[in-house]
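Report on one structure; see the data block that follows.
Protein chains in written order, with the numbering used here: chain A, 2 to 417; chain B, 1463 to 1600.
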């Protein structure tokens, strides 16, 4: 019998934890990865078909020994170089790591996540590194999902890992006074991974992997930091957005607006889980104002709970957008607020708010929203102009088809 | 780990400026904070680029030119060297530096490589000219 199946199982279950512990002790990503690979190769040769009693401890010990070997070999070659250059070799590489401290380590995945999402790394490197080191995706998979070549992505990963080592980027959970800002950086990376999956064309199989990995990462952060309301809020938001995945596109791949979606195709279990998490988040954060992820999740939850589009609680959604605008002002939030106000009170009020938004002139959804309100006010010519502008600016083919259809319907109406 | 803070695009306060006393007090307060945290290694304001001279040696020939190595709009006004536990501490101190409000501060780790200790060798110590010793001792 081969030990491969049992190794495979141990590895896929504990990879991130083992890697996190090794990185923490060795202070070097690449060395930790190499050492863990060495340990797995050794396990394939040495394990019987059931593996040792404590396979994780076995692998960690083997990895530690391999790291020491690798460091000694590097030390020897450095000493040789130094001798060639006429300098005495200097012994300053850490080759002694207490095995006890490695094996008694708790869950180091949280510090690994913070290291991968450190603001001193480029944003795309944070995303790639988190997906590789924490989620365990390969460089090839990540490259395909982010539409870059594999060598480019591999280069990005290596550069980030070396910067972590050479610039002394902390391998610990940040100090308390840095934590709120750094946690929001971590959550932003998780959200970015999700949106990359969510906006990817439906035909791409990676779509699903990325959204699921983002949900898993979000849950990991929320589990490891149980007191953080925004982490729970983010997971709730991701689950709610994901719950509509099956209803978002027609069989032909066309976008279906929220109002027109078949609500029976929404994932009810996902919605229930999200609402439970959101309730917990709002209880936790009772002392302060809810953060942006909780507010967005609350808005998504109101949509999810409406039995029909017509029964949506627009006044509450408009109020939540106003709150969101206060804690995280942005022109896109202002646009959503305007649309909610239009639904709650009337297209005139919404239009007045849209016309006060600055900086979104090149955003197709602003023009699409204006067009929709103008259409409802019976200002057909102005609506057609706005749909045309939106169509010009839209990039996604499904969005473009949708806007062309709207424009066509408008012309037909006018003709009648 | 040591980090160098390279201070770019800042106006150095001149004694005639109206806010000079306040600016000087802030810079000194920053150095004090670095000392208080045991991080301060060195701090060196630099004379402006117009005082710079660039040296290169090619094929054994020294080439000396007037001016900085790279002519850019960015000017390096000075450096601090700080000893910090990790990058987070260095970045935090950089945000406390009053110059960060005007220009920008590049934080670069200092290399501590094997064989590169910059300590004088026995040979160098015994060769050292007495006048040099007098100068450094002064």
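Backbone N, C-alpha and C define an ideal beta-carbon position, used for all residues, glycine too.
Sort the options by Cα distance to residue i and report the nearest one.
{"i": "residue 1551 of chain B", "options": "B:1536, B:1495, B:1519 and B:1525", "result": "B:1495"}
{"i": "residue 1510 of chain B", "options": "B:1504, B:1547, B:1471 and B:1543", "result": "B:1471"}
{"i": "residue 18 of chain A", "options": "A:5, A:112 and A:41", "result": "A:112"}
{"i": "residue 1537 of chain B", "options": "B:1468, B:1559 and B:1571", "result": "B:1468"}
{"i": "residue 1535 of chain B", "options": "B:1545, B:1566, B:1503 and B:1582", "result": "B:1566"}
{"i": "residue 1503 of chain B", "options": "B:1477, B:1572, B:1530 and B:1586", "result": "B:1572"}
{"i": "residue 310 of chain A", "options": "A:406, A:345, A:226 and A:4", "result": "A:345"}
{"i": "residue 302 of chain A", "options": "A:394, A:234 and A:329", "result": "A:234"}
{"i": "residue 1465 of chain B", "options": "A:167, A:178, A:222 and A:349", "result": "A:167"}
{"i": "residue 1492 of chain B", "options": "B:1559, B:1476 and B:1520", "result": "B:1559"}
{"i": "residue 249 of chain A", "options": "A:12, A:399 and A:37", "result": "A:399"}
{"i": "residue 227 of chain A", "options": "A:394, A:193, A:165 and A:282", "result": "A:282"}
Determine the direct distance from the alpha carbon of residue j to that of residue i, and round the result to whole angstroms.
{"i": "residue 75 of chain A", "j": "residue 63 of chain A", "result": "18 angstroms"}
{"i": "residue 1486 of chain B", "j": "residue 1497 of chain B", "result": "17 angstroms"}
{"i": "residue 1474 of chain B", "j": "residue 1501 of chain B", "result": "23 angstroms"}
{"i": "residue 389 of chain A", "j": "residue 404 of chain A", "result": "8 angstroms"}
{"i": "residue 300 of chain A", "j": "residue 1506 of chain B", "result": "54 angstroms"}
{"i": "residue 270 of chain A", "j": "residue 161 of chain A", "result": "38 angstroms"}
{"i": "residue 361 of chain A", "j": "residue 25 of chain A", "result": "44 angstroms"}
{"i": "residue 220 of chain A", "j": "residue 212 of chain A", "result": "12 angstroms"}
{"i": "residue 198 of chain A", "j": "residue 242 of chain A", "result": "12 angstroms"}
{"i": "residue 1478 of chain B", "j": "residue 190 of chain A", "result": "48 angstroms"}
{"i": "residue 247 of chain A", "j": "residue 1549 of chain B", "result": "44 angstroms"}
{"i": "residue 410 of chain A", "j": "residue 381 of chain A", "result": "11 angstroms"}
{"i": "residue 51 of chain A", "j": "residue 43 of chain A", "result": "15 angstroms"}
{"i": "residue 30 of chain A", "j": "residue 163 of chain A", "result": "8 angstroms"}
{"i": "residue 365 of chain A", "j": "residue 1570 of chain B", "result": "42 angstroms"}
{"i": "residue 1531 of chain B", "j": "residue 296 of chain A", "result": "52 angstroms"}
{"i": "residue 412 of chain A", "j": "residue 342 of chain A", "result": "27 angstroms"}
{"i": "residue 10 of chain A", "j": "residue 1488 of chain B", "result": "58 angstroms"}
{"i": "residue 259 of chain A", "j": "residue 391 of chain A", "result": "19 angstroms"}
{"i": "residue 1564 of chain B", "j": "residue 1581 of chain B", "result": "36 angstroms"}
{"i": "residue 1553 of chain B", "j": "residue 125 of chain A", "result": "21 angstroms"}
{"i": "residue 312 of chain A", "j": "residue 149 of chain A", "result": "44 angstroms"}
Exposed or buried, what is residue i when buried is set at 16 or more other beta-carbons lying within 10 Å of its beta-carbon?
{"i": "residue 289 of chain A", "result": "exposed"}
{"i": "residue 55 of chain A", "result": "exposed"}
{"i": "residue 210 of chain A", "result": "buried"}
{"i": "residue 337 of chain A", "result": "buried"}
{"i": "residue 1677 of chain B", "result": "Residue numbering for chain B in the displayed model covers 1463 to 1600; residue 1677 of chain B lies beyond these limits and cannot be assessed."}
{"i": "residue 284 of chain A", "result": "exposed"}
{"i": "residue 276 of chain A", "result": "buried"}
{"i": "residue 396 of chain A", "result": "exposed"}
{"i": "residue 244 of chain A", "result": "buried"}
{"i": "residue 1484 of chain B", "result": "exposed"}
{"i": "residue 1524 of chain B", "result": "exposed"}
{"i": "residue 4 of chain A", "result": "buried"}
{"i": "residue 1517 of chain B", "result": "exposed"}
{"i": "residue 318 of chain A", "result": "buried"}
{"i": "residue 1482 of chain B", "result": "exposed"}
{"i": "residue 46 of chain A", "result": "exposed"}
At a Cβ threshold of 7 angstroms, is residue i touching chain A?
{"i": "residue 1463 of chain B", "result": "yes"}
{"i": "residue 1490 of chain B", "result": "no"}
{"i": "residue 1549 of chain B", "result": "yes"}
{"i": "residue 1582 of chain B", "result": "no"}
{"i": "residue 1571 of chain B", "result": "yes"}
At a Cβ threshold of 7 angstroms, is residue i touching chain B?
{"i": "residue 171 of chain A", "result": "yes"}
{"i": "residue 268 of chain A", "result": "no"}
{"i": "residue 121 of chain A", "result": "yes"}
{"i": "residue 108 of chain A", "result": "no"}
{"i": "residue 70 of chain A", "result": "no"}
{"i": "residue 261 of chain A", "result": "no"}
{"i": "residue 21 of chain A", "result": "no"}
{"i": "residue 189 of chain A", "result": "no"}
{"i": "residue 168 of chain A", "result": "yes"}
Inspect the beta-carbon positions of residue i and residue j and report whether they are closer than 7 angstroms.
{"i": "residue 292 of chain A", "j": "residue 231 of chain A", "result": "yes"}
{"i": "residue 335 of chain A", "j": "residue 238 of chain A", "result": "no"}
{"i": "residue 40 of chain A", "j": "residue 109 of chain A", "result": "no"}
{"i": "residue 257 of chain A", "j": "residue 251 of chain A", "result": "yes"}
{"i": "residue 371 of chain A", "j": "residue 358 of chain A", "result": "no"}
{"i": "residue 118 of chain A", "j": "residue 174 of chain A", "result": "no"}
{"i": "residue 374 of chain A", "j": "residue 351 of chain A", "result": "yes"}
{"i": "residue 157 of chain A", "j": "residue 134 of chain A", "result": "no"}
{"i": "residue 255 of chain A", "j": "residue 402 of chain A", "result": "yes"}
{"i": "residue 65 of chain A", "j": "residue 103 of chain A", "result": "yes"}
{"i": "residue 236 of chain A", "j": "residue 193 of chain A", "result": "no"}
Are there any heavy atoms of the ligand GDP lying less than 6 angstroms away from the beta-carbon of residue i, as far as the coordinates show?
{"i": "residue 1474 of chain B", "result": "Of the ligands one can find in the structure shown there are none, so the ligand GDP has no counterpart to examine."}
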